[in-house]
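K.L.:
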Amino acid sequence: MAKRTLYDKIWDDHYVTTRDDGSDLMYVDRHLVHEVTSPQAFEGLRQNNLKPRRVSSILATPDHNVPTTSRDINLDGIKDPISKLQVITLDENCNEFGITQFKLDDSRQGIVHVIGPEQGLTLPGMTIVCGDSHTSTHGAFGSLAMGIGTSEVEHVLATQCLVTKKQKNMLININGVIEDGVTAKDITMFIIGKIGTAGGTGHVIEYGGEAIRALSMEGRMTLCNMAIEAGARAGMVAPDEKTFAYVKDRPFAPKGELFEDAVEYWKSLPSDEGAKFDEIFNFRSEDILPQVTWGTSPEMVGSIEDTIPHSSDKNIISALNYMGLKPGTMIKDIELDQIFIGSCTNSRIEDLRVASEILKNNKISKRIKRAIVVPGSGLVKKQAEAEGLDEIFIEAGFEWRDPGCSMCLGMNPDQLNELERCASTSNRNFEGRQGYKGRTHLVSPAMAALASLEGRFSDIRDL
Amino acid sequence: MAKISNKFSGKTVCLNKANVDTDQIIPKQFLKSIKKTGLGPFLFDSWRYEDEGYLGKDSSKRTLKNDFVLNNKAFSEANVLVAKENFGCGSSREHAVWALKDFGITTIIAASFGDIFFNNCFKNGILAIQISKKNLDIIFSNQSEIKPIEISVDLVNQKIFDEKLFEENFEIESYRKKCLIEGLDEIGYSLKYEKEISNYEQKLRKERSWVIND
Numbered sequence: 012m013a014k015r016t017l018y019d020k021i022w023d024d025h026y027v028t029t030r031d032d033g034s035d036l037m038y039v040d041r042h043l044v045h046e047v048t049s050p051q052a053f054e055g056l057r058q059n060n061l062k063p064r065r066v067s068s069i070l071a072t073p074d075h076n077v078p079t080t081s082r083d084i085n086l087d088g089i090k091d092p093i094s095k096l097q098v099i100t101l102d103e104n105c106n107e108f109g110i111t112q113f114k115l116d117d118s119r120q121g122i123v124h125v126i127g128p129e130q131g132l133t134l135p136g137m138t139i140v141c142g143d144s145h146t147s148t149h150g151a152f153g154s155l156a157m158g159i160g161t162s163e164v165e166h167v168l169a170t171q172c173l174v175t176k177k178q179k180n181m182l183i184n185i186n187g188v189i190e191d192g193v194t195a196k197d198i199t200m201f202i203i204g205k206i207g208t209a210g211g212t213g214h215v216i217e218y219g220g221e222a223i224r225a226l227s228m229e230g231r232m233t234l235c236n237m238a239i240e241a242g243a244r245a246g247m248v249a250p251d252e253k254t255f256a257y258v259k260d261r262p263f264a265p266k267g268e269l270f271e272d273a274v275e276y277w278k279s280l281p282s283d284e285g286a287k288f289d290e291i292f293n294f295r296s297e298d299i300l301p302q303v304t305w306g307t308s309p310e311m312v313g314s315i316e317d318t319i320p321h322s323s324d325k326n327i328i329s330a331l332n333y334m335g336l337k338p339g340t341m342i343k344d345i346e347l348d349q350i351f352i353g354s355c356t357n358s359r360i361e362d363l364r365v366a367s368e369i370l371k372n373n374k375i376s377k378r379i380k381r382a383i384v385v386p387g388s389g390l391v392k393k394q395a396e397a398e399g400l401d402e403i404f405i406e407a408g409f410e411w412r413d414p415g416c417s418m419c420l421g422m423n424p425d426q427l428n429e430l431e432r433c434a435s436t437s438n439r440n441f442e443g444r445q446g447y448k449g450r451t452h453l454v455s456p457a458m459a460a461l462a463s464l465e466g467r468f469s470d471i472r473d474l
Numbered sequence: 037m038a039k040i041s042n043k044f045s046g047k048t049v050c051l052n053k054a055n056v057d058t059d060q061i062i063p064k065q066f067l068k069s070i071k072k073t074g075l076g077p078f079l080f081d082s083w084r085y086e087d088e089g090y091l092g093k094d095s096s097k098r099t100l101k102n103d104f105v106l107n108n109k110a111f112s113e114a115n116v117l118v119a120k121e122n123f124g125c126g127s128s129r130e131h132a133v134w135a136l137k138d139f140g141i142t143t144i145i146a147a148s149f150g151d152i153f154f155n156n157c158f159k160n161g162i163l164a165i166q167i168s169k170k171n172l173d174i175i176f177s178n179q180s181e182i183k184p185i186e187i188s189v190d191l192v193n194q195k196i197f198d199e200k201l202f203e204e205n206f207e208i209e210s211y212r213k214k215c216l217i218e219g220l221d222e223i224g225y226s227l228k229y230e231k232e233i234s235n236y237e238q239k240l241r242k243e244r245s246w247v248i249n250d
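Chains W and R, in that order, are what the protein sequence lines are.
Every number in our numbering is 11 more than the matching position in the first sequence, counting from 1.
Every number in our numbering is 36 more than the matching position in the second sequence, counting from 1.
Shown next, in the form of structure tokens:
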């Protein structure tokens with residue numbers, strides 16, 4: 012039998028048929044839904060007198076628009092009437108069609124890409140879609156997880172299938188052991204710096220190598236989360252014992268014999284020895300230092316030891332102009348106004364533990380106007396509080412918030428003011444992303460925590 | 037989906053920037069809309085206006101930025117947007133395509149596209165064409181500050197050309213082409229395969245029952 016990659020195997024097992032126009036129908040195992048990209052899809056179903064085909068495949072939650080300061084008063088906490096309408100519309104759609112929703116007042120509510128894995132809805136070998144580009148996160152479990160548009164959301168609701176064509180296989184190996192202080196976030200940003208934001212276009216990336224195998228499940232989620240920032244359709248890590256242990260006993264995960272059956276299947280998923288990849292990159296762990304973005308695209312990134320580049324590239328000049336930075340400036344000399352720890356990239360318990368370890372018995376710099384930490388879900392928040400992490404954050408000068416996407420994209424009131432500069436653990440440094448004319452530098456949670464103490468970027472390895 | 041003509045011509049507007057992300061095409065505050073329409077006035081909001089926009093704002097009264105190409109009156113009739121590499125990267129927001137469509141863009145030509153954005157274009161009847169760098173450079177260098185280029189597309193024969201400047205055959209997946217030309221209802225089309233989908237589900241329940249949690 013032909014040797015196959017992890018992606019080939021999942022593709023083969025989800026292939027339904029080829030339509031007579033030449034496109035393939037791929038079966039969708041899980042569909043995650045949030046309030047922003049779903050209203051028009053549900054409306055489309057109603058107009059065509061259709062219903063979701065398999066409601067048990069769907070989990071919905073509001074995350075993009077939700078406030079992070081007033082969960083105690085539920086919907087009344089959403090001051091913007093347009094945001095509120097969108098959250099209520101999700102409620103109504105879920106009620107009408109019988110879809111499970113973790114509502115705003117549910118202790119399990121959170122960022123859709125945090126709660127899927129947390130609940131055991133994300134399993135190896137599955138196809139997972141969501142109307143959100145960071146669906147790639149779930150690839151950490153060895154699933155094929157893709158962000159889709161609203162028309163596709165509607166199509167998946169109605170047919171449980173995605174119209175698609177097979178992508179190419181890309182393998183990115185990170186060989187060797189990464190240095191202390193260097194994290195999954197640095198690895199994923201480093202890769203984007205090397206291959207560019209279109210480097211993965213048309214491909215599904217499988218991440219491999221010693222450094223990837225050594226990552227925790229949280230780390231692998233951070234890694235795959237930003238596969239979309241490398242332009243890839245999806246990012247994946249082959250499932251292993253770490254994956255099975257993480258999944259076991261989670262609320263929606265299979266139990267008992269069913270779990271054993273699943274594990275047996277999951278063990279067959281890793282790419283076969285000698286399977287063909289269309290493109291392969293090999294990077295050395297020792298070349299990966301703590302990363303900081305300096306521009307307005309995730310590929311505009313360097314290490315903490317770098318300076319802002321001199322370039323005649325029009326795109327770089329325009330980015331530096333927006334960022335208010337001069338070529339030749341050391342990354343370590345960039346002074347900050349705000350700190351954001353959160354987002355589907357870095358808001359899991361491990362991220363909060365790492366950041367709080369650095370903040371313990373310390374205070375944030377007087378320079379910092381605001382530092383917020385937004386746990387990825389209600390359960391992450393609860394766990395962090397049980398470990399006393401909330402007190403460490405608060406004592407250091409951080410605001411301890413309720414779960415949601417928050418200042419990753421600022422659809423809720425958490426935004427930068429004009430020209431403010433932020434060290435952010437999120438995934439996109441696009442113009443205006445965190446607030447109109449706001450300036451974003453992407454970093455790991457450890458680097459963000461350290462920057463909050465210094466008021467500027469410093470090298471976590473010096474700590 | 038709206039049918040598009042097999043052959044049509046359009047006037048260009050060139051956006052000379054690589055990696056234009058969907059956050060720029062339609063900023064986050066407009067994603068709060070629960071409709072697909074009315075986003076045209078907010079297309080490229082932060083690049084187009086001096087102030088920050090919000091849903092419901094009357095854009096006709098806002099001050100335009102002089103240096104943004106879409107504000108140049110010479111291109112007021114443009115319906116072919118020409119861009120550089122990786123146009124529409126980033127967020128999956130289909131609102132970006134809805135905004136372009138509402139604004140009047142029917143075709144987008146670029147060196148390459150963000151994957152999800154590219155899919156979203158076709159779902160809304162916008163033709164996205166990837167062309168060679170050579171011909172893209174020809175378009176960019178021939179569109180002056182004051183005059184658009186008239187570009188023609190022959191979808192059936194997959195040709196894009198300007199009478200004087202260039203002609204190129206472009207690639208398009210057969211299913212996308214069929215959908216555009218016939219204006220197919222994508223969901224209705226897939227539902228013709230209901231039997232295949234049901235058969236798949238039966239097999240799934242037998243072979244990997246742990247996937248189904250009902």
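The C-beta atom is built at its ideal place from N, Cα and C for all residues, glycine as well.
Could you name the residues of the segment 231-242 of chain R whose beta carbon sits closer than 8 Å to any beta carbon of chain W, in the order they occur along the chain?
P.N.:
Listed by position along the chain: E232, I233, Y236, E237 and L240.
K.L.:
What does P63(R) reach in chain W if we use C-beta pairs closer than 7 Å?
P.N.:
Near P63(R) (Cβ distances below 7 Å), the residues of chain W are G443.
K.L.:
Whose CA, out of S34(W), E402(W), W22(W) and N372(W), lies closest to the CA of R212(R)?
P.N.:
Selected option, being the one with the closest Cα: S34(W).
K.L.:
In the DSSP output, what is C141(W) paired with across the bridge?
P.N.:
According to DSSP, which records beta bridges pairwise, C141(W) is partnered with L43(W) and G158(W).
K.L.:
Just reading off the alpha helix (DSSP H) that V391(W) is part of, what are its end residues?
P.N.:
G389 to A397 is the span of the alpha helix (DSSP H), which, as asked, contains V391(W).
K.L.:
Using CA atoms only, rank isn't needed, just tell me which of D87(R), E204(R) and L216(R) is closest to L100(R).
P.N.:
Of the candidates D87(R), E204(R) and L216(R), the one whose C-alpha sits nearest the C-alpha of L100(R) is D87(R).
K.L.:
Does R30(W) pass the burial test, meaning 16 or more other C-beta atoms within 10 Å, or should it be called exposed?
P.N.:
R30(W) comes out buried.
K.L.:
Confirm the yes/no value for this check: CB of A238(W), any heavy atom of the ligand SAH, distance under 7 Å.
P.N.:
Within the structure as shown, the ligand SAH is missing, as the structure has no ligands at all.
K.L.:
Extract the residue ranges of the beta strand (DSSP E) inside the segment 126-196 of chain R, only unbroken runs of 3 or more that lie entirely within it.
P.N.:
Segments of the beta strand (DSSP E) lying fully in the segment 126-196 of chain R: 143-146, 163-166 and 186-190.
K.L.:
According to DSSP, is I93(W) part of a helix, a strand, or is it coil?
P.N.:
In the structure shown, I93(W) sits in a helix (DSSP, three-state: H, G or I).
K.L.:
When DSSP labels each residue in this structure, what does A407(W) get in the three-state scheme?
P.N.:
Helix, per DSSP.
K.L.:
Can you pull the chain R residues whose beta carbon is under 9 Å from the beta carbon of E402(W), in chain order?
P.N.:
Those do not exist, as E402(W) stays about 33 Å from chain R at its closest Cβ, beyond 9 Å.
K.L.:
To the nearest angstrom, how far is the alpha carbon of E165(W) from that of N171(R)?
P.N.:
If you take the alpha carbons of E165(W) and N171(R), they lie about 37 Å apart.
K.L.:
Which same chain residues, not among the five before or five after S417(W), have their C-beta less than 7 Å away from its C-beta?
P.N.:
These residues qualify, in order along the chain: T79, G353, V385, N423 and D425.
K.L.:
Beta-carbon of R432(W) versus every beta-carbon of chain R: anything under 8 Å?
P.N.:
No, R432(W) lies away from the interface with chain R (no Cβ there is under 8 Å from its Cβ).
K.L.:
Pop quiz: V49(R) and L136(R) are said to be a contact at Cβ under 8 Å. What is the actual Cβ separation, rounded to whole angstroms?
P.N.:
Contact flag wrong, Cβ pair sits at about 11 Å.
K.L.:
Is the shortest distance between the beta-carbon of L420(W) and the beta-carbons of chain R less than 8 Å?
P.N.:
Yes, L420(W) counts as interfacial toward chain R.
K.L.:
What residues in its chain sit with their C-beta under 7 Å from that of Y276(W), if we drop five residues either side in the sequence?
P.N.:
G136.
K.L.:
If we count the other Cβ atoms within 10 Å of its Cβ and call it buried at 16 or more, is R450(W) buried or exposed?
P.N.:
Looking at its Cβ environment, which holds 16 or more other Cβ atoms inside 10 Å, R450(W) is buried.
K.L.:
Quick one: give me the first and last residue of the alpha helix (DSSP H) that S279(W) is part of.
P.N.:
Unbroken run through S279(W): none, as it is neither H nor E.
K.L.:
To the nearest angstrom, how far is the alpha carbon of E107(W) from that of L390(W)?
P.N.:
In a straight line, the C-alpha of E107(W) is about 27 Å away from that of L390(W).
K.L.:
Report yes or no: is there a C-beta of chain W within less than 8 Å of the C-beta of I257(R)?
P.N.:
Nothing about residue 257(R) can be reported from this structure: the residues present for chain R run from 37 to 250 only.
K.L.:
Taking S144(R) as the reference, give the member of S188(R), K43(R) and V116(R) with the closest Cα.
P.N.:
In the sequence under discussion, the amino acid at residue 144(R) is Ile, which differs from the Ser named in the question. Of the listed residues, the one whose Cα sits closest to I144(R) is V116(R).
K.L.:
Is the CB of L91(R) under 8 Å away from at least one CB in chain W?
P.N.:
It does: the Cβ of L91(R) has a partner Cβ on chain W nearer than 8 Å.
K.L.:
Leaving out five residues on either side along the sequence, give the residues of the same chain with a beta carbon under 6 Å from the beta carbon of W83(R).
P.N.:
For W83(R), where only same-chain residues beyond five positions count, the Cβ hits under 6 Å are F104.
K.L.:
For G74(R), does the three-state DSSP call read helix, strand or coil?
P.N.:
In the structure shown, G74(R) sits in coil (DSSP, three-state: anything other than H, G, I, E or B).
K.L.:
So for A462(W), helix, strand or coil by DSSP?
P.N.:
Helix.
K.L.:
Can the beta-carbon of E240(W) be found less than 8 Å from the beta-carbon of N438(W)?
P.N.:
It is a contact, given that the beta carbons lie within the stated cut-off.
K.L.:
So, does the CB of N249(R) fall closer than 8 Å to a CB anywhere in chain W?
P.N.:
Output row for N249(R): interface = yes.
K.L.:
Taking the beta carbon of Q58(W) as the centre, do at least 16 other beta carbons fall within 10 Å, making it buried, or is it exposed?
P.N.:
Result: exposed.
K.L.:
State the Cα-Cα distance for the pair D317(W) and T340(W), rounded to the nearest angstrom.
P.N.:
Distance between the alpha carbons of D317(W) and T340(W): 9 Å.
K.L.:
Roughly how many angstroms lie between the CA atoms of G285(W) and G153(W), to the nearest whole one?
P.N.:
Rounded to the nearest angstrom, the two C-alpha atoms are 18 Å apart.
K.L.:
So, do the segment 297-311 of chain W and the segment 190-209 of chain W have three or more beta carbon pairs nearer to each other than 8 Å?
P.N.:
Cβ pair count under 8 Å is three or more, so yes.
K.L.:
Check distances from the C-beta atoms of the segment 258-288 of chain W to those of chain R and list, in chain order, the residues that come in under 8 Å.
P.N.:
Listed by position along the chain: F263, P265, L269, F270, D272, A273 and Y276.
K.L.:
Which residue or residues does DSSP assign as beta-bridge partners of M247(W)?
P.N.:
BP columns for M247(W) point to E217(W).
K.L.:
I want to see whether chain W comes within less than 8 Å of R129(R), judged by CB atoms only; does it?
P.N.:
R129(R) counts as touching chain W.
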